[in-house]
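Residue numbers (the numbering used here): 19 to 214. Virtual Cβ for every residue (Gly too), placed ideally from N, Cα, C. Below is one structure, written out as structure tokens, with a few remarks after it.
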């Protein structure tokens with residue numbers, strides 16, 4: 019066997035030998051890529067995993083991986099998952115993973131925006147005023163109380179209870195779920211004045 023032939027791999031396809039010209043390094047890189055996809059699959063929740071198109075064999079291999087505790091056993095199982103993935107149609111799996119990651123990236127970006135807004139509101143009264151003008155349905159009294167308490171907690175180095183609650187309230191306001199009691203009262207007052 020010549021030196022040039024040593025880099026070629028030979029596969030048996032339908033009983034005949036084929037030279038495909040893929041080097042051992044390239045094949046190893048492909049296996050590692052499949053293992054990376056397999057790792058991403060093992061990180062998915064049960065509900066997400068159910069949405070991914072895959073064979074029962076791969077699904078069982080992932081289920082087994084999640085059951086294991088030993089590092090060595092997990093490593094071997096991950097290699098097995100990579101091997102099983104050679105027979106899978108990887109494109110739909112990768113597309114679904116990309117979809118999940120896109121959703122996760124969007125959700126993470128949204129949470130970061132809420133965190134920045136919370137810090138601005140706590141640090142500057144102008145930001146709080148702007149927030150109320152942008153979101154008139156927000157509960158002004160409740161949010162002002164949370165901001166006051168969050169400032170005190172930070173000053174006294176107490177646990178950030180109001181700081182956390184403010185995050186949730188801002189999130190609800192941005193999602194349009196929080197309707198202020200004062201807004202409801204304003205509507206009632208307007209109806210009463212119309213009757214007069």
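Asked	Found
Contact criterion: CB-CB distance below 8 Å. Does residue 97 meet it with respect to chain D?	The structure shown contains no chain D; it is built from a single protein chain.
Note down, in chain order, each residue of its chain lying with its Cβ closer than 7 Å to the Cβ of residue 188, except the 5 sequence neighbours on either side.	132, 135 and 136
Can you list, in chain order, the residues of its chain whose CB lies under 7 Å from that of residue 110, leaving out five sequence neighbours each side?	71
Measure the Cβ-Cβ separation of residue 178 and residue 168 and say whether it is below 8 Å.	yes
Going along the chain, which residues of its own chain have a beta-carbon closer than 7 Å to the beta-carbon of residue 57, five neighbours each way excluded?	96
On the three-state DSSP scale, how would you describe residue 29?	A caution first: residue 29 carries a pLDDT of 42, below 50, which makes its placement in the model too unreliable to give a value.
Can you list, in chain order, the residues of its chain whose CB lies under 8 Å from that of residue 55, leaving out five sequence neighbours each side?	103, 108, 111, 112 and 115
Secondary structure at residue 110, three-state DSSP: helix, strand or coil?	helix
So within the segment 107-180, which uninterrupted alpha helix (DSSP H) runs reach at least 4 residues, ignoring any that extend past its ends?	108-141, 143-152 and 158-174
Give the C-beta separation of residue 158 and residue 184 to the nearest angstrom, bearing in mind that I take them to be a contact with Cβ-Cβ under 8 Å.	About 13 Å separates the two Cβ atoms, so there is no contact after all.
Give a yes or no on whether the C-beta atoms belonging to residue 76 and residue 106 are separated by under 8 Å.	yes
Classify residue 180 as buried or exposed, calling it buried when 16 or more other Cβ atoms lie within 10 Å of its own Cβ.	buried
Between residue 124 and residue 117, what straight-line distance do the alpha-carbon atoms span, to the nearest angstrom?	11 Å
Quick check on DSSP: helix, strand or coil for residue 50?	helix
Residue 143 to residue 149, Cα distance in whole Å?	10 Å
Would you mind working out which of 66, 99, 100 and 88 sits nearest residue 122, comparing C-alpha positions?	66
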